[in-house]
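Reading through the structure tokens given below for one structure.
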Amino acid sequence: MQRATSDAPHATGHRQEQVTGCPVNLEEVDLFSPGAQEYWFDSYKILHDEAPVHKIPGEGAIPGSDAYILSKYEDIAMVVRDPETFEFYNAAEGDEAAQEIFREKGFGTITDTWDTLRPNLEEHKRHRMELTDPWVALPAAERHTPMITQAANDLMDKWIETGEVEFVKGFAAPLPQIVITTILGFPLEDMPKTRVWEEEQVKRFVYGFSHKNLLTPEQEKANAEALVAFQHYIGEQIEDKRQNPKDDMITFLLNVEYGPEKRRLSDPEIASVVYGMHIGGNETTQYALTAEAMLLAQQPELVEELRADRSKVRFFVEEALRLFAPTQGLSTRVAMKDVEMRGVTIPRGSMLHLRYGAANRDPDLCPATDSIDLTRKNPGRHLTFSMGPRVCPGAGLSRLEQNIAVNVMLDRLDDLRLAPGKNDLTHQPGIMLGLWELNLEFDQRGA
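In our numbering, the protein residues as written are 2 to 448.
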């Protein structure tokens, strides 16, 4: 794997010099150091074989407590299905100065409204069923199919005659942004500035949304100011929809009668739902689309198999999601009592890092776990979107976008291939898995 050496601005900053090498034993496994993304899959194999419950001394949420990395599918599935024993860990929304900016200049931090909208699992379920499922869960999300298909073709029209494309900027990033922008009801012409705000949202998740806040005080302040500006923009959109209702999610949230009290949502509550949908509807789908295009370019036999039987596209999407999960290790839990897992005692108060990406490649989950098999039984039995009460609310919409995008690529692109000498296939830093760029060459199908 080549090292990242060039500067390329993005949501998470600039490319950084890789300092982590490929681990050869458990002592060398470090999933969080700079450059570790390039060797996560190698690390997972070591963890599976030697330490499926891997202790990290002193790295817990509480000073003096420990953290544990879970890498086996069965263990992680058990944890996410038992929220009473393993409580969801709400990371801090920045340092005190950042929180003050959110509360004095904006609508508060994103977690403030959790106390009113989803303070417990029952309300969390209601939040999904009544507020987000009508727009982004299947089958309701299927009404967006014509819009998504049109957006995918419009993007491809811009570069298909050139025979080459940097796929991230030309397709994978703008497609989900167009989709979520349209669903929420933001003006499409505002996408350049909403993209900047989305990148700031990602920055907070990548660097600040964990027990270790890696943002400097100056970065915290700048990030908080940018996100407050986004909050005010959302507030303006809410007011606009109040005066000029449309068929979009913000208008829906303004008029929904929520919960048994059939109450109206406050503007900060609406803003928090919109805020979450905006980040959830962008970055992860971008990474998934990029991985799928990479796989099609690397394995032309897959393209022929999919063209021969389009019903297999959905299986391809699931296998790609399993192999290259954007959310490799986004989720953490705290043990609410002493538990034992695989002979390891985990004390109450310990933090658990759930490595969804490792679970997806667990050899006990399926045979030939590192390869694509379009004939697997239960192809969606992976943890890319988690499971249980905190399963990703936008999983249905993301799957729909990916299936449409892959079909459009099959319809319009022939001999899809990696551009020679233009790809190092290195990943962005942080807690998710996404390529910096993907340079492709192709022939126009039917031309």
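The beta-carbon is built from N, C-alpha and C at its ideal position, and this holds for glycine as well.
Out of Arg334, Gly59, Glu284, Asp416, point me to the one whose CA is closest to Thr195's CA.
Glu284
Thinking C-beta only, is Thr328 closer than 8 Å to Thr286?
no
Arg127 (DSSP reduced to helix, strand or coil):
DSSP places Arg127 in helix when its eight states are reduced to three.
Range of the contiguous alpha helix (DSSP H) that encloses Phe103
97-106
Could you give the distance in angstroms between the alpha-carbon of Ser399 and the alpha-carbon of Ala298?
Rounded to the nearest angstrom, the two C-alpha atoms are 21 Å apart.
Note the first and the last residue of the continuous alpha helix (DSSP H) segment covering Ser44.
Looking at the DSSP string, the run of the alpha helix (DSSP H) that includes Ser44 is 41-51.
Start-to-end residues for the alpha helix (DSSP H) that takes in Lys194
192-204
Please name the residue or residues paired with His428 in a DSSP beta bridge.
Leu436
Check whether the Cβ atoms of Ala360 and Ser72 sit closer than 8 Å, and answer yes or no.
yes
Nearest-angstrom Cβ-Cβ length linking Val80 and Met388, presumed shorter than 8 Å
Actually they are not in contact, since the Cβ atoms of Val80 and Met388 sit about 10 Å apart, beyond 8 Å.
In chain order, what residues of the same chain have a beta carbon less than 6 Å from the beta carbon of Asn424, not counting five sequence neighbours either side?
Excluding sequence neighbours, Asn424 sits near Asn440.
Three-state secondary structure (DSSP) at Gln329?
In this structure, Gln329 counts as coil in the three-state DSSP scheme.
When we look at the beta-carbon of Leu436 and count the other beta-carbons within 10 Å, is it buried (16 or more) or exposed?
Buried is the label assigned to Leu436, since at least 16 other Cβ atoms lie within 10 Å of its Cβ.
Please report the distance separating the alpha-carbon of Ala99 from that of Glu201.
13 Å
Between the CA atoms of Gln300 and Val257 - distance to the nearest angstrom
47 Å
Residues in its own chain within less than 6 Å of Phe231 by CB, not counting five upstream and five downstream?
Trp198
Boundaries (first-last residue) of the beta strand (DSSP E) holding Leu492:
The structure shown does not extend to residue 492, since the chain is modelled only from 2 to 448, so the question has no answer here.
Pair every Cβ in the stretch 140-154 with every Cβ in the stretch 168-182, then say whether three or more of these pairs are closer than 8 Å.
yes
Where Arg264 sits in the DSSP three-state scheme
strand
Assign Cys367 to one of two classes, buried (16 or more other C-beta atoms within 10 Å of its C-beta) or exposed (fewer than that).
By the neighbour-count rule (16 or more Cβ atoms within 10 Å), Cys367 is buried.
List the whole-angstrom C-beta distance separating Met342 from Thr86, where the pair is believed to meet the contact cut-off of C-beta under 8 Å.
11 Å between Cβ atoms; not a contact.
Tell me whether Asn224 is buried or exposed, calling it buried when 16 or more other Cβ atoms sit within 10 Å of its Cβ.
It is buried - the Cβ of Asn224 has at least 16 other Cβ atoms within 10 Å.
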